[in-house]
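Residue numbers (our numbering): 8 to 177.
Ideal placement from N, C-alpha and C gives every residue a C-beta, glycine not left out.
None of these values were measured; they are calculated from a predicted model.
Notes follow once the structure below has been shown.
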Amino acid sequence: MASSRSIAWRWLILIVAAVLAADQFSKHAIEKYTSMDYLHTVIPGLLNLTHTYNPGVAFSLFANSHSPTVRLFLVFFSVVVILFLICLLAAERAGGRMGQIGMAMILGGAIGNVLDRLMRNGVTDFIDFHIYSHHWPTFNIADSSIVIGAALVLLELFRDWGRSSKSQGA
Numbered sequence: 008m009a010s011s012r013s014i015a016w017r018w019l020i021l022i023v024a025a026v027l028a029a030d031q032f033s034k035h036a037i038e039k040y041t042s043m044d045y046l047h048t049v050i051p052g053l054l055n056l057t058h059t060y061n062p063g064v065a066f067s068l069f070a071n072s073h074s075p076t077v078r079l080f081l082v083f084f085s086v087v088v089i090l091f092l093i094c095l096l097a098a099e100r101a102g103g104r105m106g107q108i109g110m111a112m113i114l115g116g117a118i119g120n121v122l123d124r125l126m127r128n129g130v131t132d133f134i135d136f137h138i139y140s141h142h143w144p145t146f147n148i149a150d151s152s153i154v155i156g157a158a159l160v161l162l163e164l165f166r167d168w169g170r171s172s173k174s175q176g177a
């Protein structure tokens, strides 16, 4: 019979694989079936699909840098984060279930984006969320998974912090 630890690992690996597969499939579909700067309104005033390329990092930071050193640094930093997350998960230092799921989502998104940087020197973004003329920077499924994963980790931290402060005060 499988231990609860191996079952947990299977779920975490499945989450990483699902995020990575959804991310890579969606980017491939956007690249294959749309032209650069494609724009399709999904929900008027709220959501568009667009085809953009981001050679930088989140919010197009460093996007205008043509330095190979910056690109190497971005890949190196991403790999360090990926290895750190794997170490935290392997050492069972990722918190409870919500934190583990969050870290698995972050890991899947980070792997997806680093693969793009290695294979394409940048990342394909296509989700354009906005409220009328106020646009959030265009993003992709990997970015979404990183943000949702970070939110789960923070929620668990705040939940546990609230529990520990109540038990210390009692």
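Nearer than 7 Å: is that true of the beta carbon of LEU21 relative to any heavy atom of the ligand MN? Within the structure as shown, the ligand MN is missing, as the structure has no ligands at all.
Quick one: what does DSSP say TYR60 is sitting in, helix, strand or coil? Along the sequence shown, one-based indexing puts residue 60 at 53. Residue state, collapsed to three classes: strand.
Which whole runs of the beta strand (DSSP E) in the stretch 105-158 are 3 residues long or more, in chain order? 130-138
Whole-angstrom C-beta distance between ALA149 and ASP30, which should lie under 8 Å: Translated into positions along the sequence shown, residue 30 becomes position 23. Translated into positions along the sequence shown, residue 149 becomes position 142. Yes, they are in contact, since the Cβ atoms of ASP30 and ALA149 sit about 4 Å apart, within 8 Å.
Would ARG17 be called buried (16 or more neighbouring beta carbons within 10 Å of its own) or exposed? Along the sequence shown, read from residue 1 onward, the residue named residue 17 stands at position 10. Result: exposed.
When DSSP labels each residue in this structure, what does LEU46 get in the three-state scheme? The residue you call residue 46 lines up with position 39 of the sequence shown. Strand at LEU46.
Measure the C-alpha to C-alpha separation of MET105 and LEU27 and round it to an integer number of angstroms. Residue numbering aside, residue 105 sits at position 98 when the sequence shown is read from its first letter. Residue numbering aside, residue 27 sits at position 20 when the sequence shown is read from its first letter. The straight-line gap from Cα to Cα measures roughly 19 Å.
Would ASP135 and HIS141 be called neighbours here (beta carbons separated by less than 8 Å)? On the sequence shown, position 128 is the one that residue 135 refers to. On the sequence shown, position 134 is the one that residue 141 refers to. No, the pair does not count as a contact, with Cβ atoms beyond the cut-off.
With H, G and I counted as helix, E and B as strand and the rest as coil, what does DSSP make of LEU54? As a first step, residue 54 must be located in the sequence shown, where it is residue number 47. Strand at LEU54.
Proximity to ASN61 [Cα-Cα], best of LEU53, GLY116, ASN128, GLU38: If you number the sequence shown from 1, residue 61 lands on position 54. Considering only alpha carbons, the answer is ASN128.
Whole angstroms are fine: how far does the CA of ALA98 sit from the CA of LEU182? What the structure shows of the chain is the stretch from 8 to 177, and residue 182 is not part of that stretch, so it cannot be assessed.
Nearest to MET110 by CA position, among ARG78, CYS94, HIS137, ARG166, is which residue? Position 103 of the sequence shown, counted from the first residue, corresponds to residue 110. Ranking the options by Cα distance to MET110, first place goes to CYS94.
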